[in-house]
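First the structure, in the form of structure tokens, and then the observations on it.
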Amino acid sequence: MEFPSPSFSEYGKSTLVALLIFAVLQYTGVFFDNPGEFDFAFLISAGILIPLFIYGILFVTANTGWLPDWDEKNQTRSR
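In our numbering, the protein residues as written are 10 to 88.
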């Protein structure tokens, strides 16, 4: 099992860009209620969850190398 080595600056940049997009969409009222206001609870929870989901995706993709071997071992051969 491999664990990806995180680049904290890339996590920070990705999270910051996503939070800025969410904040602009909230303020303009696109996809959110109450235009002109910010939902700080949503922004804080998104700021925590986005890096966790990014790491989870990286973890899964770093450990998918075994899938072709598994498929070859369990493949039924037609005769």
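Glycine included, each C-beta is placed from N, C-alpha and C at the ideal position.
Supposed contact pair Asn72 and Glu19 - C-beta distance, whole angstroms, cut 8 Å: Incorrect: roughly 20 Å between the Cβ atoms, too far for contact.
Cβ shell of Thr37 (< 7 Å), same chain only, five flanking positions each side left out: Pro44
Leu28 and Ala55 closer than 8 Å at C-beta: yes
Supposed close pair Ser23, Ile63 - CB separation, criterion 8 Å: Yes, they are in contact, since the Cβ atoms of Ser23 and Ile63 sit about 6 Å apart, within 8 Å.
Distance between Ile66 and Val26 (C-alpha atoms, nearest Å): 18 Å
Distance CB(Asp48)-CB(Phe41) smaller than 8 Å: yes
Residue closest to Ala50, alpha-carbon to alpha-carbon, out of Ala32, Pro60 and Leu61: Ala32
Residue span of the alpha helix (DSSP H) that contains Pro60, given as start and end: Phe49 to Ala71
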